[in-house]
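S.K.: Before we start, here is the structure in question, set down as structure tokens.
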Amino acid sequence: MNGARRPRLGRALKPLRRPWLWCGLWCAAIATVVVLSLMPPPPMPDVQDGDKLGHFLAYFVLAACAVQLYARWSSLLGAGIALVLLGIGLEHAQGALTDDRMQDPMDALANTLGVVAGLATRLTPWRDLLLRIDTRGQARRG
0 MNGARRPRLG
10 RALKPLRRPW
20 LWCGLWCAAI
30 ATVVVLSLMP
40 PPPMPDVQDG
50 DKLGHFLAYF
60 VLAACAVQLY
70 ARWSSLLGAG
80 IALVLLGIGL
90 EHAQGALTDD
100 RMQDPMDALA
110 NTLGVVAGLA
120 TRLTPWRDLL
130 LRIDTRGQAR
140 RG
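Its first residue numbered 0, the sequence shown is counted upward by one per residue in this note's numbering.
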């Protein structure tokens, strides 16, 4: 490229020692949410609003993991928007593609609130927890 700097892959990510591992695990977690959302529901005890709490927590964890991976706010915002759209899309798919699930706008709302709360972990001291854990072994060797 005649002396021009080539763009570095993964500029949006934090400088993790094993970014492919962590991104792969995050993608596996997203895939797990998709599968669990579309498969027949397991028998569960009847807990008032327990389903909404489960939706909130699942999307909170996915968004909080994105905070651990992404360094740039624009990338993190994109991940958050994608997670919100995933939650809405899966709710629609439950109503359109399955016989044993129902589309519930309140589930989509719980998903969205979980994403917002997960993204808010960017404002806490825990925002770089994975970075500290992942680079700890590197510091000992150096």
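Cβ coordinates follow ideal geometry from the N, Cα and C atoms, glycine included.
Residues in its own chain within less than 8 angstroms of Leu37 by CB, not counting five upstream and five downstream?
M.R.: Excluding residues within five positions, the ones whose Cβ falls inside 8 angstroms are Leu89, Ala92, Gln93, Leu96, Thr97 and Arg100.
S.K.: From Asp133 to Cys26, what does the alpha carbon distance come to, in whole angstroms?
M.R.: Cα-Cα distance, rounded: 18 angstroms.
S.K.: Using the beta-carbon count (16 or more within 10 Å), is Trp19 buried or exposed?
M.R.: Exposed, because fewer than 16 other Cβ atoms sit within 10 Å of the Cβ of Trp19.
S.K.: To the nearest angstrom, how far is the alpha carbon of Pro104 from that of Arg131?
M.R.: Going by the C-alpha atoms only, they are around 38 angstroms apart.
S.K.: Straight-line CA distance for Val115 to Ala62?
M.R.: Each residue's alpha carbon lies about 8 angstroms from the other.
S.K.: Measure the alpha-carbon distance for Phe55 versus Arg16 and round it to whole angstroms.
M.R.: So the two alpha carbons sit approximately 30 angstroms from each other.
S.K.: Between the Cα of Thr31 and the Cα atoms of Leu118, Tyr58 and Ala11, which residue gives the shortest distance?
M.R.: For Thr31, the nearest C-alpha among the options comes from Tyr58.
S.K.: Kindly give me the distance between the Cβ atoms of Cys22 and Leu82, rounded to whole angstroms, as I take these residues to be in contact under 8 angstroms.
M.R.: The pair is not a contact, with the Cβ atoms about 15 angstroms apart (cut-off 8 angstroms).
S.K.: Give the straight-line distance between the Cα atoms of Leu84 and Pro41, rounded to the nearest whole angstrom.
M.R.: Roughly 24 angstroms between the two C-alpha positions.
S.K.: Between the beta-carbon of Gly86 and the beta-carbon of Ala107, is there less than 8 angstroms?
M.R.: Their beta carbons are under 8 angstroms apart, which means Gly86 touches Ala107 by this criterion.
S.K.: Would you mind sorting Leu35 into buried or exposed? The rule is 16 or more other CB atoms within 10 Å of its CB.
M.R.: When all chains shown are included, Leu35 counts as exposed.
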